[in-house]
Amino acid sequence: MRPVLVRLLLRLYPAHWKQRYGSEFSDLLQSEEVRLSTLTDVIRSAISEHLSPTVGATMNRQIDSFGVLVKRPSALLPLAMSLGALTVVVITATVFGINRQPDEGTPAHLWQLLMAGQLPMLLFFVIRWGPQAPRQTIYVLALQAAAFLLAAAPVFLLHL
Amino acid sequence: MRSTTSNVAAIEKDQYSDPPLLILASLANGPKHGHAMVEDIFLLCGTRLGPGTLYGAISRLEQQRLIEPLPPEERRQPYRITGEGVRVLRTRLNTLHQFSKAGLERLAML
Chain A
1 MRPVLVRLLL RLYPAHWKQR YGSEFSDLLQ SEEVRLSTLT DVIRSAISEH
51 LSPTVGATMN RQIDSFGVLV KRPSALLPLA MSLGALTVVV ITATVFGINR
101 QPDEGTPAHL WQLLMAGQLP MLLFFVIRWG PQAPRQTIYV LALQAAAFLL
151 AAAPVFLLHL
Chain B
1001 MRSTTSNVAA IEKDQYSDPP LLILASLANG PKHGHAMVED IFLLCGTRLG
1051 PGTLYGAISR LEQQRLIEPL PPEERRQPYR ITGEGVRVLR TRLNTLHQFS
1101 KAGLERLAML
């Protein structure tokens, strides 16, 4: 397999995986012939590594980093949902003013969904990463809590 | 991670497809790097593991501490089976042995 193709295939894998296995994996790929089955196998494996990343053993150093952990979907999604909820509040307050609405409209339901929907994800995040990287999990949780409070504060302070 | 469909396809092609078990069995007679494992597994049971499948299984086995890396040889990284890996391999092979024995006995009665 040509080095250009090997580099291209290697790009499909997460950074921490490449850091650990990249060199030896490239070596193996270069000794392989280019076949559709080989390409499919590598692509499927790369997708699998994104969906269910390898952690522990010699991968510990990479996972024990705030930067790596905060990029996990279960860490990013709650943050995005809090920011989404804050955006809903800001847009609603800008368009309708900060008067309390007599009826809970679509924006209120959307805000509630975004705020409540992230709680199962937070729970999953703690269960998934807490035992492996406790300190980093607490840092990410603190960031998520700050984002949650930021999205909740205007609603309670302005009695929306 | 291999799908049920690919397992069925492998069975139809008369190939045994359990990458972690194949790797453990390959390392049971001494340390090997990735390429040597692929060749050894092919000789062992006729299954040729793809590079993605091989390294997917290697990383999981290392994560579970069933295999461990040795000092690298140039760009190649040899692995060896751990004590826990030997225990897991023995248990799995015993189960398979009992299973195949019972299955063959049933076939003999047909």
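Order-wise, the sequence lines are chains A and B. The numbering of the first sequence is the numbering used here, which starts it at 1 and goes up by one. The numbering of the second sequence is the numbering used here, which starts it at 1001 and goes up by one. Glycine is no exception: its CB is placed at the ideal position from the N, C-alpha and C atoms.
Own chain, CB closer than 7 Å to A:Met-81, minus 5 neighbours either side, in chain order: Within the same chain, A:Met-81 has close Cβ partners Leu-114, Gly-117, Gln-118.
Environment of B:Ser-1100 [buried if 16+ CB atoms lie within 10 Å]: Around the Cβ of B:Ser-1100, a 10 Å sphere holds fewer than 16 other Cβ atoms; the residue is exposed.
Minimum Cβ-Cβ distance from B:Tyr-1016 to chain A less than 8 Å: Closer than 8 Å: no.
Contact between the region 68 to 80 of chain A and the region 1087 to 1097 of chain B (3+ Cβ pairs under 8 Å): No, because fewer than three Cβ pairs between the region 68 to 80 of chain A and the region 1087 to 1097 of chain B fall closer than 8 Å, the two stretches do not touch.
Rounded separation between A:His-50 and B:Pro-1051 - CA only: Cα atoms of A:His-50 and B:Pro-1051: separation of roughly 17 Å, rounded to the nearest angstrom.
Sequence-distant residues of its chain with Cβ nearer than 8 Å to B:Leu-1054 (five each side left out): Excluding positions up to five away in sequence, the list reads Pro-1019, Ile-1023, Gly-1034, Met-1037, Val-1038.
Best match in B:Glu-1074, B:Thr-1082, B:Arg-1075 for proximity to B:Leu-1062 [C-alpha to C-alpha]: For the record, residue 1062 of chain B in the displayed sequence is Glu; it is not Leu. Checking every option, the nearest Cα to that of B:Glu-1062 belongs to B:Thr-1082.
Segment limits, alpha helix (DSSP H) that includes A:Glu-24: Residues 15 to 30.
A:Leu-9 versus B:Gln-1077 - alpha carbon distance: So the two alpha carbons sit approximately 19 Å from each other.
Beta-carbon proximity list for A:Arg-128, same chain, < 7 Å, skipping 5 on both sides: Within the same chain, A:Arg-128 has close Cβ partners Ser-74.
Where A:Lys-71 falls: helix, strand or coil (DSSP): Here A:Lys-71 sits in coil by DSSP.
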